[in-house]
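Visitor:
2 protein chains.
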Amino acid sequence: MSLRFEAALSACTEDMVRELEIVLPNSDGAESRLHEAMHYAALAGGKRLRAFLVLQCASLFGVSRSSALRVAAAIELIHTYSLVHDDLPCMDDDDVRRGQPTVHIKYDQATAVLTGDALLTLAFEILGDESYQADPAIRARLVVAMAKAAGPQGMVAGQMIDLASEDVAEPNVQHITRLQQLKTGALIAVSCEAGAILGRASEHQFLALHAYAHDLGLAFQIVDDILDTEGDAEAMGKAVNKDSERGKATFVSVLGIERARTQARMLADQAAKHLEPFAEKADLLKDLANFVIERRN
Amino acid sequence: MSLRFEAALSACTEDMVRELEIVLPNSDGAESRLHEAMHYAALAGGKRLRAFLVLQCASLFGVSRSSALRVAAAIELIHTYSLVHDDLPCMDDDDVRRGQPTVHIKYDQATAVLTGDALLTLAFEILGDESYQADPAIRARLVVAMAKAAGPQGMVAGQMIDLASEDVAEPNVQHITRLQQLKTGALIAVSCEAGAILGRASEHQFLALHAYAHDLGLAFQIVDDILDTEGDAEAMGKAVNKDSERGKATFVSVLGIERARTQARMLADQAAKHLEPFAEKADLLKDLANFVIERRN
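Written out as structure tokens, the structure is:
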């Protein structure tokens with residue numbers, strides 16, 4: 000990991016904490032439990048990969064950091080909501096996330112459902128609000144892009160397919176690729192797209208960033224499956240090896256660990272190549288592709 | 000119920016079914032279960048009160064019915080999502096809604112969580128999309144208004160307070176009023192507001208419709224509590240008398256049934272008075288205030 004990349008990543012993490020504290024609601028009324036749980040979930044740490052993508056893609060076009068941070072906060076809220084709901088007992092039933100008790104363990108299930116609902120709704124309030132961006136056409140475009148990526152033909156569809164995956168008789172790499180493109184790829188792609196929308200990118204630039212995000216997202220997921228198989232629960236901050244215990248197919252179970260590793264490396268290299276039109280302005284995004292496959296958690 | 004009002008209400012119900020069928024996703028992929036459950040929940044009937052408010056308020060300003068119908072569909076999706084999540088075992092634990100099995104009974108809990116998430120997200124995609132309204136400033140404003148009404152300082156806060164209401168030592172009418180204004184009032188108010196936003200209403204007209212919605216919403220909720228106490232589960236299409244069984248305070252438990260009835264009547268009359276600036280153009284909205292307190296389900 001280059002020093003410059005390391006510095007950029009930790010600046011992103013710190014800025015996100017500050018930004019999330021600005022946008023999250025506070026109250027001392029009877030609803031304070033909800034607001035506390037929202038803070039608990041959204042500020043529990045995490046790599047802030049999606050936020051980093053928004054910031055870096057926006058910076059390719061000279062977008063102000065404060066605008067990009069607000070949009071990045073909205074995406075992190077959507078990502079957090081999806082984790083809170085995924086962790087519920089009726090879904091993946093996870094007790095630990097990022098080394099901490101999940102929301103339904105720390106609070107209760109009803110609070111976890113409502114916390115997810117509130118985080119998702121707040122994300123759209125933020126994206127629609129004029130405070131970060133004067134042009135309403137850009138705000139409306141961001142709302143639509145985010146809703147498409149997160150909704151019934153994006154992330155939620157991916158989660159639905161994932162839940163049904165235990166029943167798939169002969170899972171193959173196509174099945175898993177589509178599942179992951181919906182479940183995690185769509186939100187990673189829209190993080191790049193959001194930077195491009197803020198920056199009024201040309202069609203050509205859009206396509207380059209989309210191709211980058213596509214390959215990066217798949218590489219990320221393959222590495223997730225590898226780390227899950229290798230199984231260091233402490234480093235991961237969550238339970239590991241759950242997919243194979245449940246008989247769910249993963250990239251590792253279908254490709255084998257060596258081919259999975261080769262595939263991830265190839266995708267990361269390919270992702271970086273898509274950034275050539277941006278020359279050295281995209282160096283941090285190239286570093287990210289490398290980081291994604293070398294990470295240990 | 001006047002013949003004209005009856006005709007307008009049933010035209011609204013029919014148009015909503017058509018509109019929802021247009022906006023809801025279809026697929027034959029592995030995510031079809033999610034899409035089916037979205038149709039099941041959104042097309043299960045209901046009074047379409049919120050849709051009616053959007054249509055009637057928009058028509059005060061000569062907004063095209065097709066634009067108003069699209070926004071009304073988005074609000075009905077948000078209302079439906081809130082019911083699907085409220086019915087979950089960890090929330091109000093209801094098995095029957097509108098005379099049919101609730102989503103988690105018909106499908107399962109995980110599908111119900113995801114169906115609610117998908118309906119909520121789709122609503123924002125619809126509101127942001129240019130197909131119903133060319134001016135992005137109006138679309139962005141609708142997104143923000145809706146998110147505020149539905150989110151952590153609106154409907155979700157109301158639901159959180161409601162869940163904690165069993166523990167309130169001495170509930171009073173102020174507590175219940177605030178709870179209901181958040182839980183049901185906010186979405187009723189934003190339905191009127193949405194019509195006004197579409198119609199580029201003046202500040203004065205906004206305030207009049209807001210005052211109408213405020214009183215109408217409270218009257219609606221008081222009547223809900225009365226119907227729940229009188230308890231005809233068949234007419235209501237859902238379990239009744241649950242609040243008092245759980246020791247939750249309601250307008251009836253705090254005011255007594257006679258004062259509750261008087262209060263609802265007074266609020267409905269007051270609601271109608273706020274519409275005077277619109278003269279006879281608002282007759283159907285006045286009829287609605289009357290309908291709300293005379294309904295049997």
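Protein chains in written order, with numbering that gives the first Met the number 0: chain A, 0 to 296; chain B, 0 to 296.
Glycine is no exception: its CB is placed at the ideal position from the N, C-alpha and C atoms.
Remember, predicted model here, so these are calculated numbers, not experimental data.
What alpha helix (DSSP H) runs, 4 residues minimum, are completely inside the stretch 166-222 of chain A?
Guide: 172-179, 185-197
Visitor: What residues in the stretch 157-175 of chain A bring their beta carbon closer than 9 angstroms to a beta carbon of chain B?
Guide: Correct list: G157, Q158, M159, I160, L162, A163, S164, V167, H174.
Visitor: What residue from B:P135, B:T249, B:H38, B:H78 has the CA that sits closest to B:I225's CA?
Guide: B:T249
Visitor: Chain A beta carbons: is any one of them nearer than 9 angstroms to that of B:K247?
Guide: No - not a single Cβ of chain A is within 9 angstroms of the one on B:K247.
Visitor: Do you know how far the Cα of A:A207 is from the Cα of A:H213?
Guide: 10 angstroms
Visitor: Against B:V143, what residues of chain A qualify as contacts under a CB-to-CB distance less than 7 angstroms, listed in chain order?
Guide: E124, G127, D128
Visitor: Is it the case that the Cβ atoms of B:E192 and B:A148 are separated by a distance below 9 angstroms?
Guide: In this structure, B:A148 lies closer than 9 angstroms to B:E192 by Cβ.
Visitor: Using beta-carbon positions only, say whether B:L54 and B:A73 come within less than 9 angstroms of one another.
Guide: no
Visitor: Could you check what DSSP says for A:R307 in three-state terms: helix, strand or coil?
Guide: This structure cannot speak to residue 307 of chain A, because chain A is shown only from 0 to 296.
Visitor: Nearer than 8 angstroms: is that true of the beta carbon of A:A193 relative to any heavy atom of the ligand FMN?
Guide: No copy of the ligand FMN occurs in the structure displayed, which carries no ligand at all.
Visitor: So what does DSSP say about B:V62, is it helix, strand or coil?
Guide: Residue state, collapsed to three classes: coil.
Visitor: Please classify B:P276: does DSSP put it in a helix, a strand, or coil?
Guide: Residue state, collapsed to three classes: helix.
Visitor: Is it the case that the Cβ atoms of A:G28 and B:A156 are separated by a distance below 9 angstroms?
Guide: In this structure, B:A156 lies closer than 9 angstroms to A:G28 by Cβ.
Visitor: Helix, strand or coil for B:F49 per DSSP?
Guide: A small fix is needed here, since residue 49 of chain B is Arg in this sequence, not Phe. It is helical.
Visitor: Taking only the alpha-carbon atoms, compute the straight-line gap between A:A14 and B:M154 and give it to the nearest angstrom.
Guide: One point to set straight first is that residue 14 of chain A is Asp, not Ala, in the sequence displayed. Their Cα atoms are separated by approximately 30 angstroms.
Visitor: Can you list the alpha helix (DSSP H) stretches of 4 or more residues lying completely in the stretch 82-127 of chain B, in chain order?
Guide: The qualifying runs are 102-105, 108-127.
Visitor: Out of B:E35, B:L19, B:R17, state which residue places its alpha-carbon closest to the alpha-carbon of B:N25.
Guide: B:E35
Visitor: What residue does the alpha helix (DSSP H) around A:T12 start on, and which one ends it?
Guide: It spans 2-22 - the alpha helix (DSSP H) in which A:T12 sits, taken as one unbroken run.
Visitor: Report the three-state DSSP secondary structure of A:T249 (helix, strand or coil).
Guide: coil
Visitor: So with CB distances below 7 angstroms, who are the chain B contacts of A:A136?
Guide: P135
Visitor: Where does the unbroken alpha helix (DSSP H) through B:E35 begin, and where does it stop?
Guide: 31-41
Visitor: By the 7 angstroms beta-carbon criterion, what residues does the stretch 59-90 of chain B contribute toward chain A?
Guide: H84, L87, C89, M90
Visitor: Return the residue from the list B:R199, B:K105, B:R258, B:G246 that minimises the CA-CA distance to B:S222.
Guide: Reading off the sequence, residue 222 of chain B comes out as Val, not Ser. That would be B:R258, whose Cα lies nearest to the Cα of B:V222.
Visitor: What residue from B:D94, B:K241, B:D134, B:P170 has the CA that sits closest to B:R199's CA?
Guide: B:D134
Visitor: Whole-angstrom Cβ separation of B:T183 and B:G216, contact assumed at under 8 angstroms?
Guide: 6 angstroms
Visitor: With DSSP as the reference, label A:N289 as helix, strand or coil.
Guide: helix
Visitor: Looking at C-alpha atoms only, which residue of B:I196, B:R294, B:V253 is the closest neighbour of B:G61?
Guide: B:I196
Visitor: I believe A:L59 touches A:A281 by the beta-carbon criterion, under 8 angstroms. Please report the beta-carbon distance rounded to the nearest angstrom.
Guide: 6 angstroms
Visitor: Does the beta-carbon of B:I175 have 16 or more other beta-carbons within 10 angstroms, so that it is buried, or is it exposed?
Guide: By the 10 Å Cβ count, B:I175 comes out buried.
Visitor: Rounded to whole angstroms, what's the CA-CA distance from B:R294 to B:L283? Just pull it up for me.
Guide: 16 angstroms
Visitor: Which bits of chain B does A:R32 rub up against, with CB to CB less than 8 angstroms?
Guide: Neighbours of A:R32 on chain B, chain order: M159, A163.
Visitor: Applying a beta-carbon distance threshold of less than 7 angstroms, which residues of chain A neighbour B:G150?
Guide: Within chain A, the residues near B:G150 are A117, T120, L121, E124.
Visitor: Taking only the alpha-carbon atoms, compute the straight-line gap between B:A41 and B:R47 and give it to the nearest angstrom.
Guide: 11 angstroms
Visitor: Evaluate contact between the stretch 123-138 of chain A and the stretch 127-146 of chain B, counting only Cβ atoms and requiring at least three cross-stretch pairs below 8 angstroms.
Guide: yes
Visitor: What residues in its chain sit with their C-beta under 6 angstroms from that of B:S1, if we drop five residues either side in the sequence?
Guide: D286
Visitor: Looking at A:L119: is its Cβ nearer than 9 angstroms to the Cβ of A:L33?
Guide: no
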